[in-house]
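Residue numbers (the numbering used here): 33 to 524.
Following: one structure in structure tokens, then a few remarks.
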């Protein structure tokens with residue numbers, strides 16, 4: 033075991049005094065920079081007292097290096113210094129802190145291992161999180177009994193979620209972003225997308241008529257990394273507005289896209305005012321004349337603003353959503369739309385989805401720990417109160433996505449892909465896969481006196497892009513799905 037240095041020993045001896053002083057400053061609700069300055073003044077006083085006592089006793093005083101070591105330990109106490117080694121580990125994906133003495137690391141290979149405690153007490157852990165909340169995010173946030181839930185982006189780009197007061201023990205989870213820079217080529221190397229998927233996804237985000245998409249997956253599935261890879265293909269001349277509850281994409285700072293305007297929600301202040309929601313930001317984004325709007329996570333009424341953005345010419349807009357599969361994602365969009373102040377009817381929401389959304393891409397974490405796109409769903413139309421879809425890429429026998437069905441030859445999605453240089457013949461022949469979806473053929477006659485649904489009449493409105501087919505809602509259907517019913521397995 034390494035020998036404790038004099039600087040570290042002094043920090044351990046004065047730990048309780050420093051912690052008590054910090055909590056007193058916190059109770060005064062002083063600005064974080066004032067707290068930092070006063071606590072470092074206390075630290076300097078401790079150093080001077082120690083050196084004076086040492087000289088009187090005829091013992092050596094702290095060297096300059098040992099004094100700096102002590103100050104670094106104090107700064108680490110305030111700013112989560114114990115987290116640094118864990119955040120620097122490239123094999124760590126998630127850090128779970130369940131109280132001050134239990135730390136669990138989720139590794140990229142799927143393993144979970146224990147790590148040393150981050151703090152010596154619950155009070156010290158709260159102190160660490162409070163300091164991070166006040167100083168490490170894009171905006172200063174509170175973490176106390178009045179605001180016991182914290183969702184924060186650290187300066188390193190990682191995401192922190194913490195709770196206190198409402199939990200038995202103060203706890204937090206940190207999601208490390210292991211790939212702040214991403215590309216479709218890199219995702220292919222990692223096995224996240226297949227060689228057949230890459231030209232489809234590349235054409236889907238490239239001009240002149242990029243597709244509107246929804247990236248779907250569960251927690252930790254890799255949606256943000258996939259979204260970064262897609263956006264790496266966007267021309268640098270495009271103005272991209274990103275909207276996130278907590279900043280995670282980092283398109284500009286990572287060098288992926290320079291012309292990015294990143295918007296982040298804001299919690300209310302102590303008086304309960306000043307909150308800025310995802311809906312507010314999505315509404316504001318439409319006034320910024322963006323080329324594309326990117327919503328980091330759709331989970332409320334902002335879904336209507338995203339659809340509106342897609343429908344007014346901001347082609348290439350993308351959102352992400354938590355769902356167990358692509359079909360459930362559309363069902364969730366319908367449910368979220370009911371939370372919008374616009375109060376849309378279910379039928380109008382489904383029509384809007386069918387008209388402006390073109391592709392849904394589902395990504396999941398496979399049993400071996402690898403993330404993989406397993407499904408790409410094409411939206412082909414709207415008829416009889418239902419969204420019409422076709423699963424072009426579907427999960428194969430090993431769980432990976434395989435080319436299972438041709439794009440609708442008259443569909444808008446394929447027309448947009450072709451405009452970017454995509455050749456569907458390069459995909460070869462589809463591989464028959466049991467997807468559980470209706471096949472792209474007419475349905476058999478229904479029993480009884482019910483009339484057989486016919487094709488949707490053509491609309492007279494011109495296509496949104498010269499030379500492209502009519503919007504999706506104005507075309508005959510390929511496959512039929514209704515997403516009105518609740519899927520409790522995906523809404524938990």
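We put the beta carbon where it would ideally sit given N, CA and C, even for glycine.
What you are looking at is a predicted structure, and each value in this text was computed from that prediction instead of being measured.
Taking C-beta to C-beta, are residue 38 and residue 98 nearer than 8 Å? Yes.
Report the residue ranges of all alpha helix (DSSP H) runs contained in full by the region 365 to 396; include only those spanning at least 4 residues, in chain order. Qualifying alpha helix (DSSP H) stretches, in chain order: 378 to 388.
Applying the 10 Å Cβ sphere with the 16-neighbour rule, what's the burial state of residue 349? The C-beta of residue 349 has 16 or more other C-beta atoms within 10 Å across all chains shown, which makes the residue buried.
Minimum C-alpha distance to residue 241 - residue among 316, 460, 454, 166: For the set 316, 460, 454, 166, the Cα lying nearest the Cα of residue 241 is the one of 454.
Throw me the rounded Cβ distance for the residue 261 and residue 313 pair, which I believe falls under 8 Å. At roughly 24 Å, the Cβ-Cβ gap does not stay under 8 Å, so residue 261 and residue 313 are not in contact.
Taking contact to mean at least 3 C-beta pairs separated by less than 8 Å, is the region 125 to 134 in contact with the region 199 to 217? Enough Cβ pairs lie closer than 8 Å, so yes.
Going by alpha carbons, who is nearest to residue 401 out of 363, 392, 254? Checking every option, the nearest Cα to that of residue 401 belongs to 254.
Can you tell which of 374, 458, 464, 466 has the C-alpha that lies nearest to the C-alpha of residue 229? The shortest Cα separation from residue 229 among 374, 458, 464, 466 belongs to 458.
Contacts around residue 494, its chain only, beta-carbon distance under 7 Å, and the 5 residues preceding and following it disregarded: Low local confidence applies: a pLDDT of 35 at residue 494 is under 50, so the model's placement there is unreliable, with the coordinate-based value given in what follows. Hits under 7 Å: none found.
Closest to residue 263 by C-alpha separation, out of 394, 282, 306, would be which residue? Closest by C-alpha distance to residue 263, out of 394, 282, 306, is 282.
Confirm, please, whether the CB-CB distance from residue 463 to residue 434 is below 8 Å. Cβ atoms of residue 434 and residue 463: closer than 8 Å.
Does the beta-carbon of residue 344 have 16 or more other beta-carbons within 10 angstroms, so that it is buried, or is it exposed? Burial state of residue 344 is exposed, judged by a 10 Å Cβ sphere holding fewer than 16 other Cβ atoms.
Between the CA atoms of residue 323 and residue 496 - distance to the nearest angstrom: The predicted model places residue 496 with a pLDDT of 40, which falls under 50 and marks its position as unreliable; any figure quoted below should be read in that light. Distance between residue 496 and residue 323, taken at the CA atoms: about 15 Å.
Give the DSSP-derived three-state secondary structure of residue 162 in the structure shown. Helix.
Host alpha helix (DSSP H) of residue 256 (start-end): Run containing residue 256: 255 to 263, per the alpha helix (DSSP H) assignment.
Using C-beta distances below 7 Å, list every residue in its chain close to residue 92, excluding the 5 sequence neighbours before and after it, in chain order. Hits under 7 Å: 86.
Starting from residue 146, trace the beta strand (DSSP E) both ways and give me its first and last residue. Taken as a continuous stretch (DSSP letters only), the beta strand (DSSP E) holding residue 146 covers 144 to 147.
Length at least 4, wholly inside the region 83 to 156: the alpha helix (DSSP H) runs in chain order: Taking 4 residues as the minimum length, the alpha helix (DSSP H) runs contained wholly in the region 83 to 156 are 96 to 111, 116 to 119, in order along the chain.
Between the region 408 to 425 and the region 145 to 154, do three or more beta carbon pairs fall short of 8 Å? Verdict: no, contact absent.
State buried or exposed for residue 527, treating a residue as buried only when at least 16 other CB atoms are found within 10 Å of its CB. What is shown of the chain runs 33 to 524, which leaves residue 527 out entirely.
Pick out whichever of 280, 452, 268 has its Cα sitting closest to the Cα of residue 257. Taking each of 280, 452, 268 in turn and checking the Cα distance to residue 257, the smallest one comes out for 280.
Residue-level contact to chain C via CB, residue 283, 8 Å cutoff: You won't find chain C in this structure, because it holds only one protein chain.
Looking at C-alpha atoms only, which residue of 309, 320, 272, 296 is the closest neighbour of residue 290? Ranking 309, 320, 272, 296 by Cα distance to residue 290 puts 272 first.
Residue 311 beta carbon less than 8 Å from that of residue 358: The answer is no: Cβ separation not under 8 Å.
Taking C-alpha atoms, which residue in 325, 449, 382 lies nearest to residue 292? Checked all of 325, 449, 382; the closest Cα to residue 292 is 325.
Under 8 Å by Cβ, that's how I've got residue 67 and residue 51 pegged, so tell me the actual separation to the nearest angstrom. Taking C-beta atoms under 8 Å as the contact rule, residue 67 and residue 51 fail to qualify, at a distance of about 13 Å.
Just tell me which of 417, 140, 127 has its CA closest to the CA of residue 192. Answer by Cα proximity: 127.
Going by DSSP in three states, residue 429 sits in which element: helix, strand or coil? Residue state, collapsed to three classes: coil.
Please give the ranges of any beta strand (DSSP E) in the region 411 to 460, keeping only runs that are unbroken, at least 3 residues long and fully inside the region. Taking only runs of at least 3 residues, the beta strand (DSSP E) segments lying wholly in the region 411 to 460 are 418 to 427, 433 to 435.
Mind checking whether residue 419 and residue 386 have CB atoms under 8 Å apart? The answer is yes: Cβ separation under 8 Å.
Only counting the same chain, and skipping five residues up and downstream in sequence, which positions put a Cβ closer than 7 Å to that of residue 499? With a pLDDT of 43 at residue 499, under the threshold of 50, the predicted position of this residue should be treated as unreliable, though the coordinate-derived value follows. Around residue 499: no qualifying Cβ.
For residue 94 and residue 79, which I take to be in contact (beta-carbon distance under 8 Å), what is that distance rounded to the nearest angstrom? Approximately 6 Å separates the beta-carbon atoms of residue 94 and residue 79; this is inside 8 Å, confirming the contact.
Would the beta-carbon of residue 226 fall within 8 Å of that of residue 432? The answer is yes: Cβ separation under 8 Å.
What do you reckon, are the CB atoms on residue 351 and residue 327 nearer than 8 Å? Residue 351 is a Cβ neighbour of residue 327, given a cutoff of 8 Å.
Residue 125 and residue 138: beta carbons closer than 8 Å? A contact, by the Cβ cut-off of 8 Å.
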